[in-house]
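Peer 1: What the sequence shown shows, in the numbering used here, is residues 14 to 448, in sequence order. Beta carbons: idealized from backbone N, C-alpha and C, even for Gly. Structure incoming, see below.
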Amino acid sequence: MLPPGSKLPALLQAARYARDPLGFLIRLQQRHGDVFMLDFPYFGQLVYVADPALVKQLFTGSPEQLHAGEANATVLEPALGPNSVLTLDEAAHMRQRKLLLPPFHGERIARYGELIREVTDREMESWPVGEPFALRPHTQRITLAVIMRAVFGVDDDARLARFGRIIERFSDRVSAVIAFPMLRRHLGPWSPWTRFVKAREELDAFIYEEIALRRAAAEPAAGEERGDILSLLLAAEHDDGTPMSDAELRDELVTVLAAGHETTATGLAWAMERLLRSPRALAKLRESLAAGEEDYLDATVKETLRARPVIVDVARKLTAPLEIGGYELPAGTFVMAAIAALHHREDLFPQPDDFRPERFLEGKADNYAWIPFGGGVRRCIGAAFAEYEMRIVLREFVERAALSAPDPKPEKVKVRNITLAPGKGAVVRLDRPLR
Ligand code: HEM
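Here it is in structure tokens:
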């Protein structure tokens, strides 16, 4: 017997999801319980689990049986390539993950604090005073500049500008091919796929050029080191002593760019969208920062990612049958951890529609109930980096800017590429010049 789910035709289910992704998934969980099904055109039937014990089973089960890479590859492979940590499984996945983890470790990333603050302050100078504007394009420029400099180590202004344009073109062109895999065919020079492939070639050429420049550059003097993540990856070795090839480096760099830029920017836009509609939380945040405390800031970031998870679900494709929640699922099934639905369960997060950072002040968040970064051996490699960056940027916004929401209605949740974003881009107004 298959789990229960919506009886609507696949196309209608997709239309409902597109109109209100968060609400649609939350209602399905409320109606059908911890395990439910969705039917999507092209992707077919997806089984969602929205219970911490079942999510734990999914995240800690055998990586041989639960293929995240294969599931991710159906959507992401054309952009990320065959060596990406996101699209590989089992030993090949761990081989890449092992090299990528150390540069993103909490202690290492602390060195990027000053850079993040500097980039944020520079971007804030471009905000108009007294006029409504969408915040998300600004947070995107911030996270993009941070990744270009902290990860790729590009710091020459002209090169940064060129790289930024290439990435923007790539991001624009990738949307259509992600959302509609059936478009992945050359149908003339203006077809989405042809334009995407051209943008990918341009991005790859830039990245290979950067790798070559870096390999050719003189070794830093003794006691000195370049701080960027590309330099760490160039020096890293697999267990068998071999360095990463250019093709591996390219795929991991594009992966980090794709996984880390829009996600963090969207999280930041949501943080302000929520805070401006939760005056009590905003006042407490200001107070706590003025008192030199960071706990409430950290809790605000966590509550943002609970209430408005940027990634709505994560997938595992079964390579063998699996019993989960009383259902026997055949090999080939896509099983999804229903992040958004789980984050809105009344028993796990009382009054789930309220924005209350306080819920994260006592004790650590449950690893299988609060899962904005997925989990297990696939947990987001950039989680510490993203939370750290969000804390710094948010602090600058809240301390320096008197922002208000011209329209107090909550913004709708919209699907943008692989993220759930505020429908209008988090429209704000700067009421007075920056402090
Ligand atoms: C708020 C920001 C972010 C969110 C919500 C987010 C969320 C996620 C999620 C849900 C996954 C899949 C986990 C799973 O399958 O269990 C993931 C994977 C990943 N993320 Fe993030 N992410 C964010 C920021 C970043 C950043 C800043 C980076 C790097 C700079 C990054 C790099 C990665 C990588 C490399 C993976 C693949 C891990 C693997 O498959 O082993 N992410 N992220």
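May I ask you to report which of helix, strand or coil DSSP gives residue 246?
Peer 2: Taking the first residue of the sequence shown as 1, we reach residue 246 at position 233. Helix at residue 246.
Peer 1: Between the Cα of residue 99 and those of 336, 117, 83, spot the shortest distance and give me the residue it belongs to.
Peer 2: As a first step, residue 99 must be located in the sequence shown, where it is residue number 86. Checked all of 336, 117, 83; the closest Cα to residue 99 is 83.
Peer 1: DSSP puts residue 340 in a beta bridge; with which residues?
Peer 2: Against the sequence shown, residue 340 aligns to sequence position 327. Paired residues: 337.
Peer 1: Terminal residues of the continuous alpha helix (DSSP H) containing residue 255?
Peer 2: Within the sequence shown, the letter at position 242 stands for residue 255. Neither: residue 255 is in no alpha helix (DSSP H) and is coded neither H nor E.
Peer 1: Assign residue 228 to buried or exposed, taking buried as 16 or more other Cβ atoms, counted over all protein chains shown, within 10 Å of its Cβ.
Peer 2: For the purposes of this step, residue 228 is taken as residue 215 along the sequence shown, with counting starting at 1. Under this definition residue 228 is an exposed residue.
Peer 1: Looking at the strands, I want to know which residues DSSP matches up with residue 329.
Peer 2: Looking up residue 329 in the sequence shown gives position 316. Answer is 348.
Peer 1: Where do the N-terminal and C-terminal ends of the beta strand (DSSP E) with residue 113 fall, by residue?
Peer 2: Position 100 of the sequence shown holds residue 113. Premise fails: residue 113 lies in the alpha helix (DSSP H), 103 to 113, not in any beta strand (DSSP E).
Peer 1: Tell me the rounded alpha-carbon separation between residue 209 and residue 351.
Peer 2: Indexing the sequence shown from 1 puts residue 209 at position 196. Indexing the sequence shown from 1 puts residue 351 at position 338. Using only the alpha carbons, I get a separation of about 30 angstroms.
Peer 1: How about residue 429: is its Cβ closer than 7 angstroms to a heavy atom in the ligand HEM?
Peer 2: Here the question's residue 429 lines up with position 416 in the sequence shown. The answer is no for residue 429.
Peer 1: To the nearest angstrom, how far is it from the Cα of residue 317 to the Cα of residue 201?
Peer 2: Along the sequence shown, read from residue 1 onward, the residue named residue 317 stands at position 304. Along the sequence shown, read from residue 1 onward, the residue named residue 201 stands at position 188. If I take the Cα positions, the gap works out to 43 angstroms.
Peer 1: If I measure Cβ to Cβ from residue 29 and keep anything under 6 angstroms in the same chain, skipping five residues before and after, which residues do I get?
Peer 2: Sequence index remark: in the sequence shown, residue 29 carries index 16 (1-based). Answer for residue 29: 37, listed in chain order.
Peer 1: Would you kindly check if the distance between the Cβ of residue 157 and the Cβ of residue 180 is under 8 angstroms?
Peer 2: In the sequence shown, the residue the question calls residue 180 occupies position 167. In the sequence shown, the residue the question calls residue 157 occupies position 144. In contact: residue 180 and residue 157 (Cβ atoms closer than 8 angstroms).
Peer 1: In chain order, what residues of the same chain have a beta carbon less than 7 angstroms from the beta carbon of residue 70, not counting five sequence neighbours either side?
Peer 2: Residue numbering aside, residue 70 sits at position 57 when the sequence shown is read from its first letter. These residues qualify, in order along the chain: 337.
Peer 1: Would the beta-carbon of residue 110 be found less than 7 angstroms away from any heavy atom of the ligand HEM?
Peer 2: As a first step, residue 110 must be located in the sequence shown, where it is residue number 97. Correct: residue 110 has its Cβ closer than 7 angstroms to the ligand HEM.
Peer 1: Using only the heavy atoms of the ligand HEM, determine whether one of them is closer than 7 angstroms to the beta carbon of residue 106.
Peer 2: Against the sequence shown, residue 106 aligns to sequence position 93. Residue 106 Cβ: within cutoff of the ligand HEM.
Peer 1: For the ligand HEM, is there a heavy atom less than 7 angstroms away from the beta-carbon of residue 373?
Peer 2: Your numbering for residue 373 matches position 360 in the sequence shown. No - the ligand HEM has no heavy atom lying nearer than 7 angstroms to the Cβ of residue 373.
Peer 1: The ligand HEM heavy atoms versus the CB of residue 410: any closer than 7 angstroms?
Peer 2: Reading the sequence shown from its first residue, position 397 is the one you call residue 410. No, Cβ of residue 410 sits at least 7 angstroms from all heavy atoms of the ligand HEM.
Peer 1: Give me the Cβ distance between residue 385 and residue 319, rounded to the nearest whole Å; I'm assuming they're in contact under 8 angstroms.
Peer 2: The residue you call residue 385 lines up with position 372 of the sequence shown. The residue you call residue 319 lines up with position 306 of the sequence shown. Contact flag correct, Cβ pair sits at about 7 angstroms.
Peer 1: For residue 291, count the other beta carbons within 10 Å of its own beta carbon; 16 or more makes it buried, fewer makes it exposed. Which is it?
Peer 2: For the purposes of this step, residue 291 is taken as residue 278 along the sequence shown, with counting starting at 1. Buried, because 16 or more other Cβ atoms sit within 10 Å of the Cβ of residue 291.
Peer 1: Please give me, in chain order, every unbroken run of the beta strand (DSSP E) with length at least 3 that falls completely inside the region 413 to 447.
Peer 2: Counting whole runs of 3 or more residues, the region 413 to 447 contains the beta strand (DSSP E) stretches 426 to 429, 432 to 435, 440 to 443.
Peer 1: Taking buried to mean at least 16 other C-beta atoms within 10 Å of its own C-beta, is residue 47 buried or exposed?
Peer 2: On the sequence shown, position 34 is the one that residue 47 refers to. With 16 or more Cβ atoms within 10 Å of its Cβ, residue 47 is classed as buried.
Peer 1: For residue 55, count the other beta carbons within 10 Å of its own beta carbon; 16 or more makes it buried, fewer makes it exposed. Which is it?
Peer 2: Walking along the sequence shown from the start, residue 55 turns up at place 42. It counts as exposed.
Peer 1: Just how far apart, CA to CA, sit residue 414 and residue 106?
Peer 2: Locating residue 414 in the sequence shown gives position 401, counting from the first residue. Locating residue 106 in the sequence shown gives position 93, counting from the first residue. Each residue's alpha carbon lies about 43 angstroms from the other.
Peer 1: Among 60, 162, 77, 22, which one has its Cα closest to the Cα of residue 333?
Peer 2: Taking the sequence shown and counting its residues from 1, the one referred to as residue 333 is at position 320. If we check each option's Cα against that of residue 333, 77 comes out closest.
Peer 1: Helix, strand or coil for residue 36 per DSSP?
Peer 2: As a working mapping, residue 36 is identified with position 23 in the sequence shown. Helix.
Peer 1: Tell me, please, whether the region 363 to 374 touches the region 396 to 410 by the rule of three or more beta-carbon pairs shorter than 8 angstroms.
Peer 2: No contact exists between the region 363 to 374 and the region 396 to 410.
Peer 1: Decide yes or no for the touch test of the region 273 to 289 against the region 136 to 152: beta carbon pairs closer than 8 angstroms, at least 3 of them.
Peer 2: Touching, yes, given that three or more Cβ pairs across the two stretches are closer than 8 angstroms.
Peer 1: In terms of DSSP beta bridges, what is residue 1 paired with?
Peer 2: Because the chain is modelled from 14 through 448, residue 1 falls outside the range shown and cannot be assessed.
Peer 1: State buried or exposed for residue 426, treating a residue as buried only when at least 16 other CB atoms are found within 10 Å of its CB.
Peer 2: Within the sequence shown, residue 426 is the residue found at index 413, counting from 1. Buried, since its Cβ has 16 or more Cβ neighbours within 10 Å.
Peer 1: Going by other Cβ atoms of all chains shown within 10 Å of its Cβ, with 16 needed for buried, is residue 203 buried or exposed?
Peer 2: Locating residue 203 in the sequence shown gives position 190, where the first residue counts as 1. Exposed, by the Cβ-count rule.
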